[in-house]
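Let me begin by presenting the structure, written as structure tokens, before commenting on it.
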Amino acid sequence: MNLTNAQLAFVLGRLLMGVNFLMHGLVRLPKLATFRAGMVKSFADTWLPGPLVGAFATGLPVLEFSVGLLLVLGLFTRWALVGGLLILLALVFGTSLQEQWDTLGTQLVHGLFFYLLLLHADQNRLCLDRRAQ
Numbered sequence: 033m034n035l036t037n038a039q040l041a042f043v044l045g046r047l048l049m050g051v052n053f054l055m056h057g058l059v060r061l062p063k064l065a066t067f068r069a070g071m072v073k074s075f076a077d078t079w080l081p082g083p084l085v086g087a088f089a090t091g092l093p094v095l096e097f098s099v100g101l102l103l104v105l106g107l108f109t110r111w112a113l114v115g116g117l118l119i120l121l122a123l124v125f126g127t128s129l130q131e132q133w134d135t136l137g138t139q140l141v142h143g144l145f146f147y148l149l150l151l152h153a154d155q156n157r158l159c160l161d162r163r164a165q
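Following this note's numbering, the residues of the sequence shown are numbered contiguously, the last one being 165.
Here it is in structure tokens:
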């Protein structure tokens, strides 16, 4: 298959963010209890209730893994990108509550990357989405 530069850039960007999210989820799943406890502790000085933080921390690795896997496969790509942006929106909210401005910058860069991928989703190739059409 002969890809244009725009198509190749999209595929590689999709794979980059897919592997990023996939691995974020994958490394946290085996140590979920420790990850959850750390998140609850890190939000102790905010107004968010511990049980809410704990519930979010329990689901976050599963969501990251799922979005990452979908992006790597190129399956439901548009919705995976929307899901990634919503995850990042929640993370930016929490990071702002904690006043961790350095971390916030990194999350915004990730969000911008997801935004650009969503904006150019019509360039998607080498994906399961195209097989389903």
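Glycine is no exception: its CB is placed at the ideal position from the N, C-alpha and C atoms.
#1: Quick one: any contact between the region 134-153 and the region 86-96, if contact means 3 or more CB pairs under 8 Å?
#2: Quick one: give me the first and last residue of the alpha helix (DSSP H) that G143 is part of.
#3: Quick one: measure Cβ to Cβ for R162 and Q39, integer angstroms, because I've assumed they're closer than 8 Å.
#4: Rounded to whole angstroms, how far is the Cβ of I119 from the Cβ of V99, which I believe are closer than 8 Å?
#5: Determine contact between the region 70-82 and the region 119-132, defined as no fewer than three beta-carbon pairs at a distance below 8 Å.
#6: Quick one: grab the DSSP three-state call for F75.
#7: Assign L105 to one of three DSSP states: helix, strand, or coil.
On the basis of the supplied data:
#1: no
#2: For this step, residue 143 is matched to residue 111 along the sequence shown. Segment 133-151, the alpha helix (DSSP H) holding G143.
#3: Stepping through the sequence shown from its first residue, residue 162 is reached at position 130. Stepping through the sequence shown from its first residue, residue 39 is reached at position 7. Their Cβ separation, rounded to whole angstroms, is 11 Å, which puts R162 and Q39 out of contact at 8 Å.
#4: Your numbering for residue 119 matches position 87 in the sequence shown. Your numbering for residue 99 matches position 67 in the sequence shown. So it is a contact: roughly 7 Å between Cβ atoms.
#5: yes
#6: Here residue 75 corresponds to residue number 43 of the sequence shown, with the count starting at 1. Three-state result, F75: coil.
#7: Numbered from 1 along the sequence shown, position 73 holds the residue referred to as residue 105. The answer is helix: DSSP assigns L105 an H, G or I state.
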